[in-house]
Every structure is written in structure tokens, then in C-alpha cells.
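J.:
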Amino acid sequence: MQASTPLKREATPVRELISAEGFAAITATVIDNNQELDQTTAEQIVEEALKFVITCATCPEERLRPSRVVDEGWHALILHTSTYAELCRSLGRFVHHTPERPDPTRHSPDELHRTQIMIVKAGYEVERTLWRAPTDGRVPVAAQCEHTPKSCASCFDGGGNGDGKHN
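In this note's numbering, each residue carries its 1-based index in the sequence shown increased by 1.
#1: With burial defined as no fewer than 16 other Cβ atoms inside 10 Å of the residue's Cβ, what is the status of residue 68: buried or exposed?
#2: Leaving out five residues on either side along the sequence, give the residues of the same chain with a beta carbon under 7 Å from the beta carbon of residue 91.
#3: Taking the beta carbon of residue 167 as the centre, do at least 16 other beta carbons fall within 10 Å, making it buried, or is it exposed?
#4: Note down, in chain order, each residue of its chain lying with its Cβ closer than 7 Å to the Cβ of residue 7, except the 5 sequence neighbours on either side.
#5: Can you tell me whether residue 138 is buried or exposed, with buried defined as 16 or more other CB within 10 angstroms of its CB?
#6: If we ignore side chains and look at the alpha-carbon of each, how far apart do residue 142 and residue 95 end up?
#7: With distances taken from CA atoms, which of 15, 123, 48 is nearest residue 131?
#8: Find out if the Cβ-Cβ distance for the pair residue 128, residue 45 is shorter than 7 Å.
#9: Since residue 85 is in the alpha helix (DSSP H), which residue starts that stretch and which ends it?
#10: Report yes if the C-beta distance between residue 50 and residue 123 is below 7 Å; otherwise report no.
#11: Which residues bound the alpha helix (DSSP H) around residue 42?
Put into C-alpha cells, the structure is as follows:
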């Protein structure tokens, strides 16, 4: 008898992909920029940002975008350049962030939904309260827009291993 193949793969817990110190520092950055957030919500935002970056790195052919709230976590993660570069290096791709001017009309519910599906396929659960439309203010954050990584449908700018060089 053969063992059945699971429908979704087992994913490494996101907090294990960066150091505990790095996670705490990134969470502190989210709180510093959004002082009305509690510790638990800030940690959830960082976890969702990590899931997003992991999914972008592993699914470069998909057009993915973070919610406005998750983008706040991605911004904080990127500010911690050593941690971010090491994460991307471990994922095999550097996920670039290309800023866009705030424009709620650019919101694509289909892209947000597809992103959540791809995160689940990558083996993670989605904290749906953090994946709402940009006009939803239930989780107040400083980020005012959603970003699509440069060159999406690929979630990276020509590849690379996180060292900033593209071979």
C-alpha cells in the first residue's frame, strides 16, 4: 500500500525562517509606525508579510499582491535589510518591492483572493482579517496602498539569489 500524497505541502513555520530577534525587531518597527496596534496584531501582520514574500519567491509565475495591511509588514521587513536579504537568499529569490502611489481604484479583489489561495497552496493558513480591501479601516496602518512586486507575473526582478546581482 502506498501512502497518499497530501493536497498541500508542509511549510516551514514562518517564524522559523528568520531569527527570533529579527522577528521581534520587525514587529517593533510595525508598532513604531502604527502605535495604535497591539503586539498580537503587529506579530500577525509580520507573519502574513513573511507568508506573502515566501509565496512570491516560490510562485514567480503568479500575479500576487499584498493587502494594504500586509504591505505594512512587508515595508517593515524590508527596512531590516540583513534579515530580508538572508530570508530571500534562503528562498532562492530576491523579492523586490516597487512602490506605487496610493490609488484605491487600483485595488484588485481577484488578485488579493488569488494571493491568499497561493499562500494556502504554499502550506500556510491565511489570517483573513488582514487581507481586506484598502478602504477597510478595521486594522489601521500607515500604509496607504497595495503593491504588486515589479515584473509581476513574476514576483522578482529577473531573479537573483538575494545578493542584489542578477546572473
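Think of the CB as a built atom: it goes at the ideal place given N, C-alpha and C, for glycine as much as any other residue.
T.: On the basis of the coordinates in this document:
#1: Indexing the sequence shown from 1 puts residue 68 at position 67. So residue 68 counts as buried.
#2: Residue 91 sits at position 90 when you count from the first residue of the sequence shown. Closer than 7 Å at the Cβ level, and outside the excluded window around residue 91, lie 18.
#3: By 1-based counting over the sequence shown, the position of residue 167 is 166. Model confidence at residue 167 stands at a pLDDT of 33, short of 50, so the residue's coordinates are unreliable and nothing is read from them.
#4: As a first step, residue 7 is located in the sequence shown; it is residue number 6 there, counting from the start. Any reading at residue 7 needs caution, since the residue's pLDDT is 45, under 50, leaving its predicted position unreliable; the model's value is listed next. Once the five neighbours on either side are set aside, residue 7 has no close Cβ partner at all.
#5: Within the sequence shown, numbered from 1, the residue matching residue 138 stands at position 137. Exposed, since its Cβ has fewer than 16 Cβ neighbours within 10 Å.
#6: For the purposes of this step, residue 142 is taken as residue 141 along the sequence shown, with counting starting at 1. For the purposes of this step, residue 95 is taken as residue 94 along the sequence shown, with counting starting at 1. Roughly 25 Å between the two C-alpha positions.
#7: Along the sequence shown, one-based indexing puts residue 131 at 130. Residue 48 is the option with its Cα nearest to residue 131.
#8: Looking up residue 128 in the sequence shown gives position 127. Looking up residue 45 in the sequence shown gives position 44. With contacts defined as CB atoms closer than 7 Å, residue 128 and residue 45 qualify as a contacting pair.
#9: Residue 85 sits at position 84 when you count from the first residue of the sequence shown. It spans 82–92 - the alpha helix (DSSP H) in which residue 85 sits, taken as one unbroken run.
#10: Position 49 of the sequence shown, counted from the start, is the residue given in the question as residue 50. Position 122 of the sequence shown, counted from the start, is the residue given in the question as residue 123. Their beta carbons are not under 7 Å apart, which means residue 50 does not touch residue 123 by this criterion.
#11: On the sequence shown, position 41 is the one that residue 42 refers to. Counting along the chain, the alpha helix (DSSP H) containing residue 42 begins and ends at 40–59.
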